[in-house]
Amino acid sequence: MAKAVFTTKVDPAYDDLPEQRYHFPRTYLGVARGALKDWIVYYEPRRTSADLSSSGGRQSYFATALLEDIQPDPHLANHYYAYVKDYLEFDRPVPFREGDHYYESKLRKGDGSTNKGQFGRAVRLLREGEYSLILAAGFEPKTDDQEGGQLVHEGDSGDEQLLRDRPFVQQVSYRPFRDQVFAKGVKRAYNNTCAISGLQILNGRGRAEAQAAHIRPVKDAGPDSVRNGLALSATVHWMFDRGLISIKDDYTLLLNKASIPNRARGLINPQRRLRLPAQSRDYPHRRFLRYHRRHVFKG
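Numbering that gives the first Met the number 0 puts the sequence shown at residues 0 to 298.
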């Protein structure tokens with residue numbers, strides 16, 4: 000087994016949904032199989048789409064996932080799907096180069112310039128140590144004062160202490176760590192503001208009242224992705240998880256009016272439209288919204 004880098008654009012030409020699958024041509028099958036049952040990192044290039052003139056991509060590693068399976072595309076010859084689990088976005092995107100340091104040593108030529116030939120390979124193997132360095136750069140150290148730090152710092156059990164002492168490569172599979180990273184990313188994307196009520200409530204220490212909610216629940220294989228998340232106040236979160244509120248593909252709200260008391264409806268913004276993140280890449284993905292409407296909503 001070996002680690003690998005999978006390159007995916009903001010608006011991919013392939014049938015990618017990084018939280019669940021990666022679509023690629025036969026050219027990369029051997030490399031992808033080399034990483035089967037091991038961890039990969041996703042990389043976002045400068046081009047945001049197949050259009051050669053497109054730009055604005057972060058040129059950064061932005062998430063990790065466990066490569067679980069590879070299957071032929073049943074509809075397109077010589078193409079394959081790599082299926083992943085345990086997808087987790089980094090606290091911060093990690094540039095492929097910081098100063099003179101390249102996280103992938105193969106991307107650096109002997110004269111210090113970028114090896115564009117290597118960069119052109121959308122799927123490439125990654126050394127174990129380089130993977131660890133990317134993770135360490137992508138996940139911010141947790142402290143007692145950080146939002147969500149209570150998950151591992153208050154009333155530490157032996158398991159939690161062991162988790163905190165482990166390197167990131169081992170932590171990314173553990174629920175307490177994943178909950179912290181997911182909550183931080185979602186609340187940052189929504190500026191600590193409830194996406195349905197529009198309320199932002201902070202305590203004296205600046206801690207937000209808003210919670211991070213999964214759109215497709217974790218118990219139903221919902222990923223820990225900002226695109227599968229919403230910042231919601233506690234009461235609205237309760238209603239959303241129990242299917243009293245859902246969201247259309249155009250981000251307007253659906254309400255089970257018969258089950259929501261009149262006084263509780265006052266928490267929902269009068270426009271009946273979701274408050275979206277500043278960055279479009281963080282918008283709720285329609286695939287997760289459709290799952291919630293079909294399997295959670297009681298409308």
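A virtual CB, placed ideally from N, CA and C, is assigned to each residue, including glycine.
Item checked: Chain-order list of residues whose beta-carbon lies under 7 angstroms from that of PHE118 (same chain, five-residue window excluded) -> Within the sequence shown, the letter at position 119 stands for residue 118. Correct list, in chain order: LEU106.
Checklist line | Enclosing beta strand (DSSP E) for SER59 [first to last residue] | finding: To locate residue 59, count along the sequence shown from 1; it is residue 60. Looking at the DSSP string, the run of the beta strand (DSSP E) that includes SER59 is 59-71.
Item checked: DSSP bridge partner residues for VAL4 (one or two, in chain order) -> Here residue 4 refers to the residue found at position 5 when the sequence shown is read from its first residue. According to DSSP, which records beta bridges pairwise, VAL4 is partnered with VAL40, ARG123.
Item checked: For GLU129, three-class secondary structure by DSSP -> Within the sequence shown, residue 129 is the residue found at index 130, counting from 1. GLU129 falls in the helix class under three-state DSSP.
Check: For LEU243 versus ASN261, is the C-beta distance shorter than 7 angstroms?
Finding: Translated into positions along the sequence shown, residue 243 becomes position 244. Translated into positions along the sequence shown, residue 261 becomes position 262. No. Outside cutoff.
Margin query: If contacts are defined as beta-carbon pairs under 8 angstroms, then PRO2 and GLU127 qualify, I think. What distance do you get, rounded to the angstrom?
Written below: What you label residue 2 is simply residue 3 of the sequence shown in a count that begins at 1. What you label residue 127 is simply residue 128 of the sequence shown in a count that begins at 1. Strictly speaking, residue 2 in this sequence is Lys, with Pro absent from that position. Yes, they are in contact, since the Cβ atoms of LYS2 and GLU127 sit about 6 angstroms apart, within 8 angstroms.
Margin query: Check for me: the beta strand (DSSP E) holding PHE89 runs from which residue to which?
Written below: In the sequence shown, counting from the first residue as 1, residue 89 sits at position 90. 78-94 is the span of the beta strand (DSSP E), which, as asked, contains PHE89.
Item checked: Closest residue to ALA194 among VAL180, GLN210, PRO24, GLY98 (Cα-Cα distance) -> The count along the sequence shown starts at 1 and reaches residue 194 at position 195. Scanning VAL180, GLN210, PRO24, GLY98 for the CA closest to the CA of ALA194 turns up GLN210.
Next item on the list: Could you tell me which residues DSSP puts in a beta bridge with ASP223?
Entry: Along the sequence shown, one-based indexing puts residue 223 at 224. Bridge partners of ASP223: LEU87.
Item checked: Distance CB(TYR79)-CB(PHE23) smaller than 7 angstroms -> Looking up residue 79 in the sequence shown gives position 80. Looking up residue 23 in the sequence shown gives position 24. Closer than 7 angstroms, so yes.
Item checked: Per DSSP, the bridge partner or partners of HIS100 -> Position 101 of the sequence shown, counted from the start, is the residue given in the question as residue 100. Looking at the DSSP output, HIS100 shares a beta bridge with GLU97.
Next item on the list: Report yes or no: do the segment 230-239 and the segment 94-110 share at least 3 C-beta pairs separated by less than 8 angstroms?
Entry: Below 8 angstroms, too few C-beta pairs join the segment 230-239 and the segment 94-110 to call them touching: fewer than three.
Check: Using the C-alpha atoms, what's the distance from TYR86 back to ILE39?
Finding: Here residue 39 corresponds to residue number 40 of the sequence shown, with the count starting at 1. Here residue 86 corresponds to residue number 87 of the sequence shown, with the count starting at 1. Whole-angstrom Cα-Cα distance: 10 angstroms.
Item checked: Residues near GLU67 in its chain [Cβ-Cβ closer than 7 angstroms; skip 5 each side] -> Here residue 67 corresponds to residue number 68 of the sequence shown, with the count starting at 1. For GLU67, where only same-chain residues beyond five positions count, the Cβ hits under 7 angstroms are TYR82, VAL83, LYS84.
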